[in-house]
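K.L.:
In our numbering, the protein residues as written are 1116 to 1178.
Below are the structure tokens for one structure; questions will follow.
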Amino acid sequence: MKGRDKCELLNKIRQQIAEKNNIEFDFDECTFEGECNGTCPKCESELEYLENELKKKQANGEK
1116 MKGRDKCELL
1126 NKIRQQIAEK
1136 NNIEFDFDEC
1146 TFEGECNGTC
1156 PKCESELEYL
1166 ENELKKKQAN
1176 GEK
């Protein structure tokens, strides 16, 4: 699997996680230039945001 394909797949997974957990989040197209390894600073920041939102929900007793 090429890096860009991996990036797109991971983006779809993050979108599904956000939707299923009622997390509002705007996913932008990746504009990373250069050789993509499947993750980039934008992808990492989106992941970190989702993790933080899930932790907040868990702390509030939400599933």
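Glycine is no exception: its CB is placed at the ideal position from the N, C-alpha and C atoms.
Here the structure is a predicted model, which is why all the values come from computation and not from measurement.
DSSP three-state call for residue 1128: helix, strand or coil?
P.N.:
Residue 1128 falls in the helix class under three-state DSSP.
K.L.:
Quick check: the segment 1170 to 1177 against the segment 1140 to 1148, are there 3 or more CB pairs under 8 Å?
P.N.:
No, the segment 1170 to 1177 is not in contact with the segment 1140 to 1148.
K.L.:
Is the beta carbon of residue 1161 closer than 7 Å to that of residue 1119?
P.N.:
No.
K.L.:
Between the C-alpha atoms of residue 1164 and residue 1126, what's the straight-line distance to the nearest angstrom?
P.N.:
Approximately 13 Å between the Cα atoms of the pair.
K.L.:
When DSSP labels each residue in this structure, what does residue 1120 get in the three-state scheme?
P.N.:
Residue 1120 falls in the helix class under three-state DSSP.
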